[in-house]
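Chains as they are written, first to last, in my numbering: chain A, 0 to 316; chain B, 0 to 316.
Just so you know, even glycine gets a beta-carbon here, dropped at the ideal spot from N, CA and C.
Structure first, commentary second.
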């Protein structure tokens with residue numbers, strides 16, 4: 000077995016793991032991200048890898064991180080949460096670690112993992128939509144990870160959903176992630192609780208609207224709470240409408256829903272499926288993609304990053 | 000030189016041509032489409048090919064047609080303008096013609112032609128957006144025509160632009176082609192003329208709003224008429240907004256604008272470019288795709304269909 004280390008670097012946490020060729024995580028660790036200092040961040044990654052190498056024979060290291068990754072997979076063009084510094088990230092880490100390093104967008108890495116080892120095994124044309132704090136994604140087209148002309152494809156969260164809609168952190172308005180992310184769900188839940196449309200939520204939050212969380216919505220929806228289910232229906236309506244555009248353009252066979260919001264399961268999957276079928280052009284004639292929940296949870300990013308690094312180094316099939 | 004015949008079958012006209020391996024059209028013919036009778040339609044195509052074969056040594060035949068083409072490229076799943084009948088179109092034509100036949104969506108065929116021989120030569124990741132009666136398109140990803148999981152990708156005209164917007168023939172509302180096609184331009188031009196916002200147009204139409212055409216808008220815009228230019232700006236604003244979503248998802252290096260509307264040239268290209276840059280997520284950081292006008296005009300469809308048939312038959316590089 001050829002082993003690789005995958006490192007999923009989030010804004011607050013770093014998750015690293017030793018991953019085998021079948022996507023099995025042999026060892027895993029999590030730690031806080033030193034988000035303000037590029038040197039500390041690189042050192043934390045290098046030390047974690049060094050520690051894992053004392054126990055495993057590792058051939059390559061893959062990083063998954065939020066933001067725009069350069070087309071050569073060696074540095075970040077833009078990162079919303081972390082300070083990576085200006086120099087080539089892969090050069091610096093390779094010097095510190097002594098192994099080939101490959102940098103990948105976190106959404107791409109997770110999509111690749113689901114394609115190779117998770118919900119998308121054996122499907123040539125698929126997209127993963129990660130419903131987290133924002134909405135990320137990755138495209139597998141003709142069985143390959145599609146990166147675009149400049150390496151930064153699959154920014155699905157910034158699909159334009161509503162003209163002159165809700166302002167987005169990206170500077171535009173009406174982006175999908177303002178309607179279908181974990182943050183959007185929480186914001187909408189607070190409003191619903193404040194307006195008396197979700198009494199169950201308000202109660203769960205001890206009567207304090209500010210304490211309402213997305214997780215509470217998931218838990219109450221699972222228990223059949225109407226206010227919580229209505230919030231998922233609203234999110235699913237927006238998501239299904241956005242997916243309809245992606246289906247018209249890309250015609251995938253499969254859409255995998257991942258990220259924290261997808262952990263709510265059928266209460267988000269079923270209404271999204273219904274909304275997509277309602278909104279799809281040529282709905283009666285156009286074969287609809289299947290929708291599935293992601294299988295690898297929050298280890299998808301590190302599994303995919305590891306597998307892509309192994310492939311990129313020419314060390315696996 | 001290995002020659003193929005390309006046939007672009009439109010709702011009202013059939014264009015056929017003998018195309019060499021460098022995309023040069025050696026001979027071309029146009030005739031009306033027998034749109035109501037599948038047998039007549041096939042016979043018209045077979046006779047045209049037979050006639051061309053008396054003068055050229057042809058190895059394959061490619062059809063380009065509007066609609067959803069089956070993934071095996073042998074029949075139509077759905078055609079909006081023509082009656083093709085239920086049987087396999089390629090089987091029937093091969094029996095009649097005695098050569099391999101490949102069926103392709105017309106937008107895909109035109110995009111392939113621009114990639115191989117036109118505005119997109121040498122660019123790996125590009126899309127062609129055809130602004131005609133509707134809005135069609137084709138995706139070239141990693142230098143290959145991307146057809147999707149069911150063979151019907153690149154229905155760019157049905158990108159959802161405005162929620163609850165203008166009704167579309169597809170049954171949904173707010174599709175891009177209701178704002179950025181030749182039909183949309185003509186409709187908007189008639190309204191502008193009727194409302195006194197385009198006096199030049201009304202004059203060109205002899206004072207009769209119903210006589211206003213898209214071509215008049217192009218001609219007046221080329222001459223600097225403000226009302227006509229404003230109509231292109233409006234169309235370009237919608238198109239640029241739709242393209243911004245496609246850029247977020249696909250990150251192409253190049254977008255080729257084709258179809259009748261694109262013949263207006265810079266008056267549509269420049270404001271579309273401006274709108275795209277304004278609407279793009281990460282506009283300062285995200286490398287913008289180049290926008291170019293298509294080079295092959297309305298022969299792109301038959302050139303691409305011929306070249307794809309030659310490749311599909313394994314008879315060219």
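Endpoints, beta strand (DSSP E) assigned at residue 48 (chain B)
Careful: residue 48 (chain B) lies outside any beta strand (DSSP E), inside the alpha helix (DSSP H) at 37 to 52.
Determine whether the Cβ of residue 157 (chain A) lies closer than 8 Å to any Cβ atom of chain B.
yes
Residues near residue 364 (chain A) by beta carbon distance below 6 Å, same chain, minus five either side
This structure gives no information on residue 364 (chain A), because the portion of chain A shown stretches from 0 to 316.
Pair every Cβ in the stretch 287 to 297 of chain A with every Cβ in the stretch 240 to 255 of chain A, then say whether three or more of these pairs are closer than 8 Å.
yes
Count the other C-beta atoms from every protein chain shown that fall within 10 angstroms of the C-beta of residue 125 (chain B), then say buried if there are 16 or more, exposed otherwise.
Residue burial annotation: residue 125 (chain B) is buried, with at least 16 other C-beta atoms found within 10 angstroms of its C-beta.
Could you check what DSSP says for residue 76 (chain A) in three-state terms: helix, strand or coil?
strand
Give the secondary structure of residue 139 (chain B) by DSSP, where H, G and I count as helix, E and B as strand, and everything else as coil.
strand
Return the CA-CA distance between residue 163 (chain B) and residue 23 (chain A), expressed in angstroms with no decimal places.
46 Å
Beta carbon proximity, residue 145 (chain B) to chain A, threshold 8 Å:
yes
Per-residue burial, residue 173 (chain A) [other beta carbons within 10 Å of its own, 16 or more giving buried]
Buried.
Can you find a C-beta in chain B that's less than 8 Å from the C-beta of residue 248 (chain A)?
yes
So residue 62 (chain A) packs on residue 6 (chain A), CB below 8 Å; how close in whole Å?
In this structure residue 62 (chain A) touches residue 6 (chain A) by the C-beta definition: roughly 5 Å separates them, less than 8 Å.
Would a check of beta-carbon distances place residue 135 (chain B) closer than 8 Å to chain A?
no
Could you give the first and the last residue of the continuous alpha helix (DSSP H) run that contains residue 91 (chain A)?
From DSSP, the alpha helix (DSSP H) with residue 91 (chain A) extends over 88 to 96.
Would you please state the rounded distance, in angstroms, between the beta carbons of residue 213 (chain B) and residue 175 (chain B)? I believe it to be under 8 Å.
Contact flag wrong, Cβ pair sits at about 17 Å.
Would you say residue 262 (chain A) faces chain B, with C-beta separation under 8 Å as the test?
no
Is it a yes or a no for the stretch 263 to 282 of chain A touching the stretch 271 to 285 of chain B, going by three-plus beta-carbon pairs under 8 Å?
no
Report yes if the C-beta distance between residue 306 (chain B) and residue 112 (chain B) is below 8 Å; otherwise report no.
yes
Helix, strand or coil at residue 25 (chain A) [DSSP, three-state]
Strand at residue 25 (chain A).
Which of the three DSSP states, helix, strand or coil, is assigned to residue 286 (chain A)?
The answer is coil: DSSP assigns residue 286 (chain A) none of H, G, I, E or B.
One question on the structure: do residue 76 (chain A) and residue 44 (chain A) come within less than 8 Å of each other, judged by their Cβ atoms?
no
DSSP on residue 14 (chain A), reduced to helix/strand/coil?
strand
Which value, in whole angstroms, describes the spacing of the CA atoms of residue 156 (chain B) and residue 156 (chain A)?
20 Å
Quick one: Cα of residue 57 (chain A) to Cα of residue 302 (chain A), how far?
14 Å
Would a check of beta-carbon distances place residue 19 (chain B) closer than 8 Å to chain A?
no
Buried versus exposed, by CB contacts within 10 Å (16 or more), residue 217 (chain B)
Looking at its Cβ environment, which holds 16 or more other Cβ atoms inside 10 Å, residue 217 (chain B) is buried.
Quick one: using the 10 Å Cβ neighbour count with 16 as the cut-off for buried, is residue 30 (chain B) buried or exposed?
exposed
Mapping DSSP to helix, strand and coil, what is residue 212 (chain A)?
coil
Return the first residue and the last residue of the alpha helix (DSSP H) that residue 56 (chain B) is part of.
For residue 56 (chain B), there is no enclosing alpha helix (DSSP H), as DSSP gives it neither H nor E.
Can the beta-carbon of residue 382 (chain B) be found closer than 8 Å to that of residue 131 (chain B)?
Limits of chain B in this structure are 0 at one end and 316 at the other, which puts residue 382 (chain B) out of reach.
Do residue 243 (chain A) and residue 147 (chain B) come within 8 Å of each other at the CB atom, strictly closer than that value?
no
For my contact list, residue 236 (chain B) and residue 200 (chain B) are in at a C-beta cut-off of 8 Å; report their separation, rounded to the angstrom.
Contact doesn't hold; Cβ gap of about 19 Å is too wide.
Cβ atoms of residue 153 (chain B) and residue 137 (chain B): under 8 Å apart, would you say?
yes
Since residue 113 (chain A) is in the alpha helix (DSSP H), which residue starts that stretch and which ends it?
105 to 116 is the span of the alpha helix (DSSP H), which, as asked, contains residue 113 (chain A).
What alpha helix (DSSP H) runs, 4 residues minimum, are completely inside the stretch 219 to 285 of chain A?
The qualifying runs are 225 to 249 and 265 to 278.
Any C-beta of chain B under 8 Å from that of residue 180 (chain A):
no
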